[in-house]
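Working notes, structure below.
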Amino acid sequence: GMLMVRVTIALVTGLIISSPVILYQLWKFISPGLLESEKRYVWPVIFFSTLCFLVGVVFSYFVMIPFILPFLYSLATENIEPTLNISEYIGFVTRLILVTGLIFELPTLSFFFTRVGILTPRILRRYRRYAVVLTFIAAAILTPPDPVSQLLLAGPLLLLYEISVLVSALAQRARVAGSQKLLQ
Numbered sequence: 150g151m152l153m154v155r156v157t158i159a160l161v162t163g164l165i166i167s168s169p170v171i172l173y174q175l176w177k178f179i180s181p182g183l184l185e186s187e188k189r190y191v192w193p194v195i196f197f198s199t200l201c202f203l204v205g206v207v208f209s210y211f212v213m214i215p216f217i218l219p220f221l222y223s224l225a226t227e228n229i230e231p232t233l234n235i236s237e238y239i240g241f242v243t244r245l246i247l248v249t250g251l252i253f254e255l256p257t258l259s260f261f262f263t264r265v266g267i268l269t270p271r272i273l274r275r276y277r278r279y280a281v282v283l284t285f286i287a288a289a290i291l292t293p294p295d296p297v298s299q300l301l302l303a304g305p306l307l308l309l310y311e312i313s314v315l316v317s318a319l320a321q322r323a324r325v326a327g328s329q330k331l332l333q
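Using our numbering, the first residue of the sequence shown is number 150, and each one after it goes up by one.
See the structure below:
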């Protein structure tokens, strides 16, 4: 009931407020094991991944939730009445925001996987049409059945995919330049 709602809100708020200290402690633990060449990537990656996550949170809260909740309520019929209590609402919104924030980490993941040699921009370009189809299928499932809602969800996801292709290309150039530097 209300106790769990308050505990959940307190935990999430506490994590958000204490995240700089947690990140600092994590950095102090990891940094002694990193080379100087590796340390220079840490702060840009932290900044970029935090920015991507926050953009995902804002997108979820201000774009997705206002479309999804009315759609879910529209599914009610004479025999089925929607009953959403506060703890279910908080849980749903929290999960949706968290998942959307993590989905918006796609460019960061493409950077990392390209730098370690698992992913290339060529692979991303080759599978672009599958990504488009899967994105629109997911948007059709997750949104109301009107095209505007589907485009509001699919558009940013496709933009994230294209940003991931660009980020992967930049990371690959940096990787190749670093490899050539080592060979000289």
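The beta-carbon is built from N, C-alpha and C at its ideal position, and this holds for glycine as well.
| query | Is DSSP giving Pro-270 helix, strand or coil here? | reply | As a position in the sequence shown, residue 270 is number 121, starting the count at 1. The answer is helix: DSSP assigns Pro-270 an H, G or I state.
| task | Can you give me the Cβ contacts of Ala-288 inside the same chain, cut-off strictly under 6 Å, excluding the 5 residues immediately before and after it? | result | The sequence position of residue 288 within the sequence shown is 139, counting from 1. If we look at Ala-288 and ignore the five residues flanking it on each side, its Cβ neighbours are Gln-299, Leu-302 and Ala-303.
| said: Is it buried or exposed, Gly-266, if we count other Cβ atoms within 10 angstroms and call 16 or more buried? | reply: Counting from one through the sequence shown, the residue named residue 266 turns up at place 117. It counts as exposed.
| query | Taking one C-beta from the stretch 197-214 and one from the stretch 240-252 each time, how about it: are there three or more such pairs within less than 8 Å? | reply | yes
| query | Asn-234: which of Gln-321, Leu-164 and Met-151 sits nearest, CA to CA? | reply | Indexing the sequence shown from 1 puts residue 234 at position 85. It is Met-151.
| Which residues mark the beginning and the end of the alpha helix (DSSP H) in which Leu-164 is found? | The residue labelled residue 164 in the question sits at position 15 within the sequence shown. Segment 151-179, the alpha helix (DSSP H) holding Leu-164.
| query | If you compare alpha carbons, which of Val-281, Leu-319, Ala-323 and Leu-306 is closest to Ser-209? | reply | Counting from one through the sequence shown, the residue named residue 209 turns up at place 60. Ranking the options by Cα distance to Ser-209, first place goes to Leu-306.
| What did DSSP end up calling Leu-224 once you bin it into helix, strand or coil? | Within the sequence shown, numbered from 1, the residue matching residue 224 stands at position 75. In the structure shown, Leu-224 sits in coil (DSSP, three-state: anything other than H, G, I, E or B).
| field | Neighbourhood of Ser-313 by C-beta, 7 Å cutoff - its chain only, sequence neighbours within 5 removed | value | Taking the sequence shown and counting its residues from 1, one reaches residue 313 at position 164. Closer than 7 Å at Cβ, skipping near neighbours: Leu-255, Pro-256, Ser-259 and Leu-273.
| request: For Leu-203, name the three-state secondary structure that DSSP assigns. | output: Translated into positions along the sequence shown, residue 203 becomes position 54. The answer is helix: DSSP assigns Leu-203 an H, G or I state.
| field | Cα-Cα separation between Leu-160 and Ile-171, rounded to whole angstroms | value | As a first step, residue 160 must be located in the sequence shown, where it is residue number 11. As a first step, residue 171 must be located in the sequence shown, where it is residue number 22. Near 14 Å, if we compare the C-alpha coordinates of Ile-171 and Leu-160.
| request: Let me know the secondary structure DSSP gives Pro-231 once reduced to three states. | output: Numbered from 1 along the sequence shown, position 82 holds the residue referred to as residue 231. Pro-231 falls in the coil class under three-state DSSP.
| query | Could you check where the alpha helix (DSSP H) with Val-281 kicks off and where it finishes? | reply | Here the question's residue 281 lines up with position 132 in the sequence shown. 277-291 is the extent of the alpha helix (DSSP H) around Val-281.
| message | Do Val-204 and Phe-253 have their beta-carbon atoms positioned less than 9 Å apart in this structure? | response | As a position in the sequence shown, residue 253 is number 104, starting the count at 1. As a position in the sequence shown, residue 204 is number 55, starting the count at 1. Yes, the pair counts as a contact, with Cβ atoms nearer than the cut-off.
| In or out: Ala-320 buried (at least 16 other Cβ within 10 Å) or exposed? | Within the sequence shown, the letter at position 171 stands for residue 320. Classification for Ala-320: buried.
| With distances taken between CB atoms, is the gap from Thr-292 to Phe-220 smaller than 9 Å? | Taking the sequence shown and counting its residues from 1, one reaches residue 292 at position 143. Taking the sequence shown and counting its residues from 1, one reaches residue 220 at position 71. It is a contact, given that the beta carbons lie within the stated cut-off.
| Candidates Val-282, Leu-251, Val-154 and Ile-286: closest to Val-207 by CA position | Residue 207 sits at position 58 when you count from the first residue of the sequence shown. The candidate whose alpha carbon is nearest that of Val-207 is Leu-251.
| query | Where does Leu-309 land, buried or exposed, given buried means 16+ other C-beta within 10 angstroms? | reply | Your numbering for residue 309 matches position 160 in the sequence shown. Flag for Leu-309 reads buried.
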